[in-house]
Amino acid sequence: MKVLLTGSAGFIGTATLAALEGAGHEVVGVDALVPQAHARPVTWPEGLHVLDVKDAGDWVDLLRDIDVVCHLAAMVGAGVTVADLPLYAGNNDLGTANLLAAMARAGVSRLVQASSMVVYGEGRYVCPAHGVQAPAPRRVEALDAGHFDNHCLHCGQVLGWETVPEEAHLDPRSSYAASKVAQEHYASAWARQAAGSAISLRYHNVYGPGMPKDTPYAGVASIFRSAMEAGRPPVVFEDGGQLRDFVHVHDVARANVAAVEAVASRDPGSHTAYNVCSGRPVTILDVARMVTAGAPGSPAPIVSGQYRLGDVRHIVASPSRAAAQLGFTAEISPEVGLARFAHDPLRG
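Note that full-length UniProt numbering has the sequence shown beginning at 1, numbered continuously upward.
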């Protein structure tokens with residue numbers, strides 16, 4: 001198949017490009033790296049179309065003979081201030097809408113779109129006595145006092161966590177999360193209106209070689225690694241007990257290839273979301289420890305008690321649907337991949 005890959009020169013895009021070509025697909029690469037997350041390369045990779053997805057309405061000729069669009073280009077991360085809102089809305093939402101409109105005009109009817117686990121907001125919680133709970137956003141007063149866990153509304157017990165399935169309620173709690181929900185909704189509406197088929201891949205915390213360094217827009221693993229490279233201890237927010245799923249970029253690239261190959265046989269008007277995760281949850285403190293363990297002599301992590309209002313306590317997704325319907329199961333465990341990440345090259 002001939003695949004147009006947006007974000008192809010980025011962190012996940014570079015691995016996906018290699019995986020698609022390795023699977024025998026022809027790839028047309030498009031990118032324009034945003035400066036908040038990436039330093040612009042001095043020279044662009046050969047054959048790359050340097051284009052902004054916000055101008056995708058002008059891409060119709062480029063899209064004419066494309067079989068599948070794999071749309072990875074996005075502004076990522078939790079953001080720094082509310083001043084970032086227009087960046088998320090412009091790059092993610094407007095960019096996706098323009099791309100989908102151009103695809104419809106060019107007759108391209110298959111889409112794989114990068115989404116994120118942040119669409120869920122908080123994860124799935126359960127009280128042993130009162131069952132499944134949907135906690136409200138954590139109160140500033142509780143966070144200031146160092147009370148980070150969610151509690152049962154009926155008995156006050158600390159809530160345990162369960163894995164989140166794709167059919168869970170979407171509850172975005174940051175500007176980035178809101179933009180990813182919007183992207184999924186645009187993909188779903190486009191699939192119905194244009195008789196297309198779409199897959200949204202809800203990536204969990206992706207890490208690995210080529211991550212941007214020294215930027216708050218790149219994710220916590222990169223922030224930890226950047227601190228280590230500068231000789232500083234990684235700073236862990238809250239009490240470090242937040243549970244997440246960290247998935248290696250090479251596994252994410254495999255999931256992207258599986259989705260590109262699967263979407264071609266989906267019924268017109270269909271849109272399906274999949275969690276892309278390792279299936280092996282770890283605490284944020286353990287992530288910092290695993291990364292520093294890969295470089296003996298590195299400063300030990302510091303648990304700061306700081307917090308970000310847009311963060312949630314636990315979010316661990318179920319990998320079952322991706323395994324059953326895409327044949328995707330992660331191969332690189334966090335214990336192995338995060339230790340290796342201590343030496344992986346970062347993008348400056």
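Don't be surprised by glycine CBs; every beta carbon is placed ideally from N, CA and C.
Discussion item. Measuring alpha carbon to alpha carbon, tell me which residue in P86, R105, R110 is nearest D267.
Written reply: R110
Worksheet item: First and last residue of the beta strand (DSSP E) that includes G199?
Response: Note on identity: in this sequence residue 199 is Ile, with Gly being the wrong assignment. From DSSP, the beta strand (DSSP E) with I199 extends over 197 to 203.
Worksheet item: Does the beta carbon of R64 sit closer than 8 Å to a beta carbon anywhere in chain D?
Response: Protein chain content of the structure displayed is limited to a single chain, and chain D is not contained in it.
Item to complete: Could you check the C-alpha separation between Q133 and A317 for me, to the nearest Å?
Response: 16 Å
Fill in: Contact belief for P334 with S278 at Cβ below 8 Å, rounded distance in angstroms
The Cβ separation is near 6 Å, so the contact holds.
Worksheet item: If you check the beta carbons only, do L159 and V181 fall under 8 Å apart?
Response: no
Worksheet item: Roughly how many angstroms separate the alpha carbons of Q113 and A187, rounded to a whole number?
Response: 8 Å
Worksheet item: Smallest Cα separation from R280: which of A9, T16, T329?
Response: T329
Practice prompt. Starting from the C-beta of P345, find all residues in its chain whose C-beta is less than 8 Å away, skip the five residues before and the five after it, and write them out in chain order.
Written response: P209, G210
Discussion item. For A19 and N256, I'd like the C-alpha separation in whole angstroms.
Written reply: 9 Å
Discussion item. Cutting at 8 Å between CB atoms, please list the residues of its own chain near residue 349, excluding the five before and the five after it.
Written reply: The question about residue 349 has no answer, for the chain in this structure spans 1 to 348.
Practice prompt. Rank R173, Q157, F237, A227 by C-alpha distance to the C-alpha of H130 and give the top, closest one.
Written response: Q157
Worksheet item: Just to confirm, are F237 and R308 a CB contact at a threshold of 8 Å?
Response: yes
Worksheet entry | Cut-off 7 Å between Cβ atoms - residues of its own chain near F341, not counting five sequence neighbours on either side | Y207, G208, A221, R225, V291, G294
Worksheet entry | 6 Å CB neighbourhood of D67 in its chain, flanking five on each side removed | M1, K2
Worksheet item: Taking C-alpha atoms, which residue in D65, Q193, F11 lies nearest to L100?
Response: Q193
Worksheet item: Measuring CA to CA, which of S265, S320, G107, D311 is closest to R244?
Response: D311
Worksheet item: Roughly how many whole angstroms lie between the Cα atoms of R254 and M117?
Response: Going from the Cα of R254 to the Cα of M117 covers about 18 Å.
Worksheet item: Distance, Cα to Cα, L326 vs D286?
Response: 30 Å
Discussion item. Once the 5 residues before and after A106 are set aside, which same chain residues still bring their CB inside 6 Å of it?
Written reply: V60, L63, R64
Worksheet entry | Cβ-based burial, D55 [other Cβ within 10 Å; buried from 16] | exposed
Worksheet item: Is it buried or exposed for E184, if we count other Cβ within 10 angstroms and need 16 for buried?
Response: buried
Item to complete: Locate the alpha helix (DSSP H) running through Q183, then write down its first and last residues.
Response: 175 to 193
Item to complete: Within 10 angstroms of the Cβ of H154, are there 16 or more other Cβ atoms? Answer buried if so, exposed if not.
Response: exposed
Worksheet item: Between E229, A23, A74, E141, which lies nearest to F11 when the distance is taken from Cα to Cα?
Response: A74
Worksheet entry | Simplified DSSP assignment, three categories, for I332 | coil
Worksheet item: How big is the Cα-Cα spacing for H250 and T16?
Response: 8 Å
Discussion item. Considering only the alpha carbon of each residue, which of S304, N92, E162, G146 lies closest to A177?
Written reply: The shortest C-alpha separation from A177 is found at N92.
Worksheet entry | Backbone secondary structure at K2 - three-state DSSP | strand
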